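So the structure is just underneath, and the comments pick up after that.
There are 6 protein chains.
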Amino acid sequence: MEGGFPKGHCILLSGAPGTGKTIFGMQFLYNGARNGEKGLYVAVNEEIDDILLQTKVMEWDMKKLIDLGKIKIICLEMKDFSIKNLMKEIKEGGYTMVVIDSLSAILAHPMALEDIDISFTLKDRLDRLAPSPIHEGVATRLLVEKIITSIRRLDCTSIIISELVESVGGMSRDTISEFLVDGVITLQYVMVGIESNRNLMIRKMRATAHSENIHPIEFKPGVGVNVLMP
Amino acid sequence: MEGGFPKGHCILLSGAPGTGKTIFGMQFLYNGARNGEKGLYVAVNEEIDDILLQTKVMEWDMKKLIDLGKIKIICLEMKDFSIKNLMKEIKEGGYTMVVIDSLSAILAHPMALEDIDISFTLKDRLDRLAPSPIHEGVATRLLVEKIITSIRRLDCTSIIISELVESVGGMSRDTISEFLVDGVITLQYVMVGIESNRNLMIRKMRATAHSENIHPIEFKPGVGVNVLMP
Amino acid sequence: MEGGFPKGHCILLSGAPGTGKTIFGMQFLYNGARNGEKGLYVAVNEEIDDILLQTKVMEWDMKKLIDLGKIKIICLEMKDFSIKNLMKEIKEGGYTMVVIDSLSAILAHPMALEDIDISFTLKDRLDRLAPSPIHEGVATRLLVEKIITSIRRLDCTSIIISELVESVGGMSRDTISEFLVDGVITLQYVMVGIESNRNLMIRKMRATAHSENIHPIEFKPGVGVNVLMP
Amino acid sequence: MEGGFPKGHCILLSGAPGTGKTIFGMQFLYNGARNGEKGLYVAVNEEIDDILLQTKVMEWDMKKLIDLGKIKIICLEMKDFSIKNLMKEIKEGGYTMVVIDSLSAILAHPMALEDIDISFTLKDRLDRLAPSPIHEGVATRLLVEKIITSIRRLDCTSIIISELVESVGGMSRDTISEFLVDGVITLQYVMVGIESNRNLMIRKMRATAHSENIHPIEFKPGVGVNVLMP
Amino acid sequence: MEGGFPKGHCILLSGAPGTGKTIFGMQFLYNGARNGEKGLYVAVNEEIDDILLQTKVMEWDMKKLIDLGKIKIICLEMKDFSIKNLMKEIKEGGYTMVVIDSLSAILAHPMALEDIDISFTLKDRLDRLAPSPIHEGVATRLLVEKIITSIRRLDCTSIIISELVESVGGMSRDTISEFLVDGVITLQYVMVGIESNRNLMIRKMRATAHSENIHPIEFKPGVGVNVLMP
Amino acid sequence: MEGGFPKGHCILLSGAPGTGKTIFGMQFLYNGARNGEKGLYVAVNEEIDDILLQTKVMEWDMKKLIDLGKIKIICLEMKDFSIKNLMKEIKEGGYTMVVIDSLSAILAHPMALEDIDISFTLKDRLDRLAPSPIHEGVATRLLVEKIITSIRRLDCTSIIISELVESVGGMSRDTISEFLVDGVITLQYVMVGIESNRNLMIRKMRATAHSENIHPIEFKPGVGVNVLMP
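Residue numbers (the working numbering), protein chains in the order written: chain U, 2 to 231; chain Y, 2 to 231; chain S, 2 to 231; chain C, 2 to 231; chain X, 2 to 231; chain W, 2 to 231.
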């Protein structure tokens, strides 16, 4: 991980509450910015100050990198959300690294569907079949495919964050995105007796040899999410 | 915990029945009031007397703090509920600490949705897509986001209480709020043989180092929820 | 438990089939009647004779207490059910102790909803939103809140009985009522090898110190449900 | 069990496939008939010959008892099913013992609902509320209550058979009937290593002291279901 | 099993993928044909060649038995499926042994419902109640009952094959058929460490003494599914 | 596996994210191409470059085989998807080996239903019954049957890839396809302490003797998915 992810990869970062998803995402951009990359952090329904507060504890000089234009944080409100506009912003801004926080927030908002040529592909043909509303599952899959396909066509490396609900199957809230991305990293708590520890697992990383073990992690100022050897 | 929560944080307090959610919430306001804070307790569908009865056992002098205007308890009936009005009351009252008891009660009442500019954001665009009613999950997420975003924009520290149903996944009844708040505390029973003990876990606390272990708790007059070291 | 429940408390008694819910409820009224209280047993869709048969085995002189007007049993048929009328009967009858057997039976009958000012609170506002029928979960929560709030406003101590289905989460069939009452008692079977024993647990008792352990119970003539120390 | 069930009791007999529900039911009538009772076996969607075949293995002289009018088997087809007619037949036939095989078959057929004064109780009031179809759960509960209440008002002892699906909660397919009857007996397989044994448990028997243990059973010609002491 | 099933019995054969359901079914017909029976194999949505390929490995001379008219394989396409026609074919062909492969495939096709006098039994009466579409569960139960009842009225011994999905309750995909047939046989994998073995269990066999244990099985040319003693 | 699959077989390859489904599929075509077969890789919603990137790590000379016309990769977009056209392409191209990646992606898109003569088979008859939309389960089963039946009628050996979601029952996302194919291979992670290993299991292989054990696998350049003996 120290060496970053393969260029152009789209990584799913799926984590339980409080496991450091935001810090991991910022760390990705922070390390990139110091190596000449240009990063965009896309927060959905969250404010810039709240995100900066979390990075402050890591003692990173985010302010400087933001002022230099090496990192930009934007906060989307779902009512204005559009996949097309987002992709346009990434492209025109020349960003080489992108974090989307979070896919779960986008998927819960069906209005995002409009971006897809639903009128052309689905609706006409469905009408002929039955006057049934689009199943929630279909809408979700269409959106996940659209978002991941769009971002992979851009010339950037990306992290897509998903919420991971305890004791539910799959590696993301939607159970679909983990099959479409190039890599999957999960952040979870493991209980050992009365102790609870944060852990990181690389569940998938296309075209790359990687550890498949559970790694304990800690938050370390100056570093961020620090992966400990078992 | 003794030192309170970071200023401006929005904390989710999620607990099983009888684990002391109300006492924990009042303890938060009581300690704050004695340190010059001004606190508001928002009870949904519950009466002031019932809440005061529970605090009486803790031997706190709530009456005095209430008379001094340092703590106020209001009881909302869902039929009059409005996120906008609630936020207005918090702001105009100058409250620096707020407890909402409970998010689960609010989420069960779809009329609260009206506060959201649903007509603008969702309905128009959905109509073009399919004549489908809003999925329950979407409505829930919209409300959770609206409530937590609104309260975090105010200048106060807050606890949002959620019901935690045994043996169901997630850290709240809705399984969404735990991802949006700054911190999550759960109160649960753990069975050891035929004994059952209340325990507290800090599951998440942004920008703060915290114990991740299970801590036994007891109710202690003069204190409230007393956290024991393991 | 010998000393009864705190005055004015509303207790949820949740049990598996055959664990003694009816006997427990009658024992509550029987002990109360002998201490000068006036008790009402509200049976839903069950007949008085069936209930008396169960108490007869306990060798209680119910007949005498009924003739003296100290205990009354009424059998509601759901088609005539009305929360308002029930509350009126409790108030006008001057009952200080009430048992409702069972909440589960009432919740299964949506017509009980009429008692709630649904036309005022919910329907108008929902119509503006979407032509969706009321979700079952919302209707259930509205009813549970209405019943428990109504009975707690009366000047009486009450037990509300719920059915507890094996291996399903929560402490009642509805998984909501346990959060709204002042106390929760569960009656369950525990298998040890090929033996199966009835047990009682106090899961919640507001403003009261109580055992949190599993207690074996037996049916004892003259007593009713007899709690054994572990 | 040797001594039969308490007079007038309505017993739920819930079993996995192949655990002997039909034999148990016939054994109940067979023993009764030899003690002067008059029994009716109500088979839903099954033929008389199939039922007789199973009893033949038990070496009971069913034919004689049937010819003497001491036992009658009727086979209902659901399209002609009516609770009212069934109750009339039991009453006019003077039956003192009844077996209904099975409740699960009846509950799967919504047309049985017609027997209930649904037009009076539910439909009018629901229309005012919302144009929602009756929830499946409500319809099930209404039917279970109607059937069990009706049969308990008759002057007979009865067994109602339910299908028990492996690894699903509750003591019957509907998870409601076990709360409404006077007694519950379950027949299940228990795996011990590679051996699988049939067992019987009395889960509930109102107004009666009874074993709560798991009892191995065997099929024994001349007896039927033979309960072995553990 | 060597001696075959009792004449006239309808057996449910429920198995996980790859456990030998087709071979077991063919073995049943093959052994019967050599004893003078006449057998029909009803494949739904599968081709004759695919079925013959599987039997070829067992080194049975199916071709000869087919040419002699002792075994016939027919492949139904669901769009032409009709219970009435199928029963007519069995009757007129004089078949004494029948295998239906599979019930799960038939149940997934609602058009099969037409065979049932749905217009007479259900629809008229439902219309009076509520404009609700037929619940999936009701349709399934109606079909299962119709198929099993029809085939049991014929003068033949039959095997009905069902798909058994791992880690889902019940003994068939529909969880209903196991209660209606005369016998149930399941074929499953059991993991022991890293080894996985096929096993057979007789879960139910009316009017017959049978082993209730788990039996390892193997595929043995010349025999088919070979049951090993534990 | 070294010797490939039986000619004409249709194999389901079901795997968790990151277990090597794509590499396994390409390895199948790569080995075939070197033995004179002609292979087609059908990717749904994925780009050719992404697939080639994964094979590059295996150090296979895909480029050469593609240029020679021995392997072809096509990328379908669901909006243009048609079972008929796909089958036509396989047939006219003279392909003897086909990989479809993935069935799960196709099943999520209801428009694929159009290929089926739904108007003839289902819709007319359903209209007479009830104005119900086609259940999701029925649509899924129809599609799975159509795809697998179509491909098995062609003169080729095929692998159909399915997504396997952790801790959900069945051997594919749809839980149906595993019953219709000739063979099933699953790729899963198994946790041993803090180590996680990829494993392969042959769950089903018609007309073939095969290991039923769990086999550890590794990715080996020049080979692809390398199966280790336990």
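Where a beta carbon is used, it is the ideal one built from N, C-alpha and C, also for glycine.
Remember, predicted model here, so these are calculated numbers, not experimental data.
- The beta carbon of F6 of chain C sits closer than 6 angstroms to those of I12 and T158, all from its chain and outside the five residues before and after it, given in chain order.
- Below the 8 angstroms Cβ cutoff, chain X contributes G19 as neighbours of M206 of chain W, in chain order.
- In the structure shown, Y96 of chain C adopts coil according to DSSP, grouped into three states.
- Looking at the DSSP output, P7 of chain C shares a beta bridge with no other residue.
- Contacts with chain U at 8 angstroms (Cβ-Cβ) include R142 of chain Y.
- A check of alpha carbon separations from F180 of chain U across W:G26, W:F25, W:G16 and W:W61 identifies W:G16 as the nearest.
- Taking C-beta atoms as the reference points, I177 of chain Y and R142 of chain Y count as a pair closer than 8 angstroms.
- Closest option to I75 of chain C, judged by alpha-carbon separation, among C:G95, C:E47 and C:K92: C:E47.
- Closest in C-alpha terms to L104 of chain W, from the list W:L14, W:N86 and W:I52, comes W:L14.
- Chain C places a beta carbon closer than 8 angstroms to that of F180 of chain X, counting this residue as a contact.
- If you draw a 10 Å sphere on the C-beta of P222 of chain C, you find fewer than 16 other C-beta atoms in it, and that means exposed.
- Not flagged as an interface residue toward chain Y: L53 of chain U, since no C-beta distance is shorter than 8 angstroms.
- Across the set C:G26, C:K205, C:K80 and C:P217, the C-alpha of C:K80 shows the shortest separation from the C-alpha of K147 of chain X.
- Distance from the CA of M59 of chain Y to the CA of F82 of chain U, rounded to the nearest whole angstrom, comes to 49 angstroms.
- In the three-state reduction of the DSSP assignment, G26 of chain U falls in the helix class, which pools H, G and I.
- For M172 of chain C, the residues of chain S that pass the 8 angstroms Cβ criterion are P18 and E167, in the order they occur in the chain.
- For the pair D175 of chain S and V182 of chain S, the Cα-to-Cα distance works out to about 13 angstroms.
- Pairing M206 of chain C with G184 of chain C gives a Cβ-Cβ distance under 8 angstroms.
- Between the alpha carbons of R204 of chain W and P18 of chain X lies a distance of about 7 angstroms.
- In the structure shown, the three-state DSSP call for S103 of chain Y is coil.
- For M192 of chain Y, the enclosing beta strand (DSSP E) begins and ends at G184 to V193.
- Contact check for V100 of chain X against I162 of chain X passes: the beta carbons are separated by less than 8 angstroms.
- For D102 of chain U, the closest of U:H211, U:S212, U:I24 and U:S197 by C-alpha to C-alpha distance is U:I24.
- Listed along chain Y, the residues sitting closer than 9 angstroms to T150 of chain S by beta-carbon distance are N46, E47 and E48.
- Under the three-state reduction of DSSP, K57 of chain C is assigned to helix.
- Contact note: N198 of chain W reaches chain U through E213, using a C-beta cutoff of 7 angstroms and chain order.
- At a Cβ-Cβ threshold of 8 angstroms, T97 of chain C and E38 of chain C count as neighbours.
- When Cβ-Cβ separations below 8 angstroms define contact, E146 of chain U makes no contact with chain Y.
- DSSP links V226 of chain Y through a beta bridge to Y:F220.
- Setting aside the 5 residues that flank it on each side, E219 of chain U is surrounded in the same chain by N227, each with a C-beta closer than 6 angstroms to its C-beta; the list follows chain order.
- Assigned with DSSP and collapsed to three states, T158 of chain U falls in strand.
- Residue burial is scored here from C-beta neighbours: D68 of chain U has fewer than 16 other C-beta atoms within 10 angstroms and is therefore classed as exposed.
- Annotated three-state conformation of N46 of chain S is coil, per DSSP.
- Checking the DSSP bridge columns, you'll see K205 of chain U partnered with U:V185.
- Burial of M172 of chain C is indicated by the presence of at least 16 other C-beta atoms within 10 angstroms of its C-beta.
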